[in-house]
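Inspection log for the structure reproduced underneath, given as structure tokens.
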Ligand SMILES: *Cc1c(COP(=O)(O)O)cnc(C)c1O
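Numbering (the working numbering), first residue to last: 207 to 573.
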């Protein structure tokens, strides 16, 4: 049996014809930028996130960049970021001219360690940009207390955590501002690029909306230097439809995760841990193994596709050579890049496919 890592043509309960009709309706309306579909998606997604405002953007990287820009963060400033994340988190900081300062994660949760964050703060630090890695919210209450005590902004990169929560509070409501991505593989994905900024601050939302629209507050009135980064009306219409299914898709992910957790207990794999009170969105199911590459080949030989998120930590990428962070300086991130493996996970996966993944993992014998 073949078990693909994910299946982007399979949205359980949402037939392709429904998406086809959305294209026809949008085409007939003839409004491709802005308009009612975007307004409605923004208000529905803000409500879903238990926040006051949502501003659609062109993608998740732009969403983070726009937040940092709107907060006035720039050259000479430092922003705390995870040492183990997709490089986009760091790029957003670099794009405003500020310096990303890596903070190592807690090995058990993969997320930013609040004590290490506190230790990394300097007089130049302006914000903490935490990532809800693999779908598990970062410890936002602890990070929020540190941010409040030191006068920092708390920003969340929730590109992987649509629908996740801490004690019932959804991602999008846990930070001063939250950036979402609707890249097609995410838990809530468009049929192309898309993103959003979610915030309870009306002032910040207005600023982000202006910056994302040529610095204009209304047509032909440009108050600031802006950019062009918008969520297309067509993508907004698709996302409105998919948002109706997000909870049931996340529930299916949670079922699959529970199955993996119970069936793989006692194996050689180090399994992900969900802290008490946290609602995991299970964007990825990531295990650790000291024999990661051999395990991945073994799975592949049995038709099970597993991926590595991420094989090279940002500080070891050429793009960040100028920061001069030497190999060995961030041991946790460097250990994770060698040990993490993401097992197949998507809402369309069958029980039989999940069993196949478990059997393939359990039959692995490192030499
Ligand atoms: C996908 C992702 C992004 C980038 O989102 P885009 O929409 O592709 O720009 C940023 N951060 C994390 C953690 C991601 O997984």
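The beta carbon of each residue, even a glycine, is placed where N, CA and C say it ideally should be.
| said: I'd like to confirm something about residue 274: is its beta-carbon nearer than 7 Å to some heavy atom of ligand 1, or not? | reply: no
| task | Please report how far the alpha carbon of residue 584 lies from the alpha carbon of residue 505, in whole angstroms. | result | Absent from the model: residue 584. The displayed extent of the chain is 207 to 573, so no value can be given.
| request: Inspect the beta-carbon positions of residue 316 and residue 480 and report whether they are closer than 8 Å. | output: Not in contact: residue 316 and residue 480 (Cβ atoms no closer than 8 Å).
| task | Look at the alpha carbon of residue 328 and the alpha carbon of residue 409, and state the distance between them as a whole number of angstroms. | result | 27 Å
| Whose CA, out of 376, 358, 353, 395, lies closest to the CA of residue 343? | 376
| task | Tell me whether residue 261 counts as near ligand 2, meaning its Cβ is closer than 7 Å to at least one heavy atom of that ligand. | result | Ligand 2 is absent from the structure shown, which contains only ligand 1.
| request: Identify whether residue 503 lies in helix, strand or coil by the three-state DSSP scheme. | output: helix
| task | Could you tell me if residue 419 is buried or exposed, where buried requires 16 or more neighbouring beta carbons within 10 angstroms of its beta carbon? | result | It counts as buried.
| Under the three-state DSSP convention, the category residue 302 falls into | coil
| said: In this structure, how does DSSP classify residue 389 when only helix, strand and coil are distinguished? | reply: Annotated three-state conformation of residue 389 is coil, per DSSP.
| request: Taking only heavy atoms of ligand 1 into account, decide whether any of them is closer than 7 Å to the Cβ of residue 389. | output: yes
| Beta-bridge partners of residue 308, as assigned by DSSP | Beta-bridge partners assigned by DSSP to residue 308: 287.
| request: Using the Cα positions of residue 465 and residue 433, report the straight-line distance between them to the nearest angstrom. | output: Each residue's Cα considered, the two are about 45 Å apart.
| Distance CB(residue 471)-CB(residue 545) smaller than 8 Å | no
| For residue 350, does the three-state DSSP call read helix, strand or coil? | helix
| said: Looking only at its chain, what residues have a beta carbon closer than 7 Å to the beta carbon of residue 326, apart from the 5 residues adjacent to it on each side? | reply: 286, 307, 309
| said: Does residue 528 pass the burial test, meaning 16 or more other C-beta atoms within 10 Å, or should it be called exposed? | reply: exposed
| Three-state class that DSSP yields for residue 480 in the structure shown | coil
| request: With a 10 Å radius around its C-beta and 16 neighbouring C-beta atoms as the bar for buried, classify residue 267 as buried or exposed. | output: buried
| task | Drop a sphere of 10 angstroms on the beta-carbon of residue 236, count the other beta-carbons inside from all chains shown, and report buried for 16 or more, exposed for fewer. | result | Residue 236 is exposed by the Cβ-count criterion.
| field | Distance, residue 271 Cα to residue 508 Cα | value | Separation of residue 508 and residue 271 (C-alpha to C-alpha, rounded to the nearest whole angstrom) is 42 Å.
| said: Going by beta-carbon coordinates alone, are residue 522 and residue 533 separated by less than 8 Å? | reply: Cβ distance < 8 Å, so residue 522 and residue 533 count as in contact.
| request: Drop a sphere of 10 angstroms on the beta-carbon of residue 245, count the other beta-carbons inside from all chains shown, and report buried for 16 or more, exposed for fewer. | output: exposed
| Are residue 483 and residue 334 touching if we call contact CB-CB under 8 Å? | no
| task | Can you check DSSP and say which residues form a bridge with residue 563? | result | For residue 563, which the question treats as bridged, DSSP gives no partner whatsoever.
| Counting Cβ pairs, one atom from each stretch, are 3 or more of them under 8 Å apart for the region 354-363 and the region 376-394? | yes
| Candidates 460, 519, 526: closest to residue 555 by CA position | 460
| said: Tell me which residue opens and which closes the alpha helix (DSSP H) that residue 259 is part of. | reply: From DSSP, residue 259 is part of no alpha helix (DSSP H) but of the beta strand (DSSP E) over 259-263.
| message | On a Cα-Cα basis, can you pick out the residue from 500, 475, 400 that is closest to residue 443? | response | 400
| message | Taking 8 Å as the cut-off, does the region 274-293 touch the region 249-265 (at least 3 CB pairs, one atom from each stretch)? | response | The region 249-265 vs the region 274-293: no contact.
| query | Are the beta-carbon atoms belonging to residue 233 and residue 288 less than 8 Å from one another? | reply | no
| request: May I ask you to list the residues that DSSP assigns as paired with residue 419? | output: Beta-bridge partners of residue 419 (DSSP): 434.
| field | For residue 359, the first and last residue of its enclosing alpha helix (DSSP H) | value | No alpha helix (DSSP H) holds residue 359; the beta strand (DSSP E) holding it covers 359-363.
| message | Between 240, 216, 298, 498, which has its C-alpha nearest residue 425's C-alpha? | response | 240
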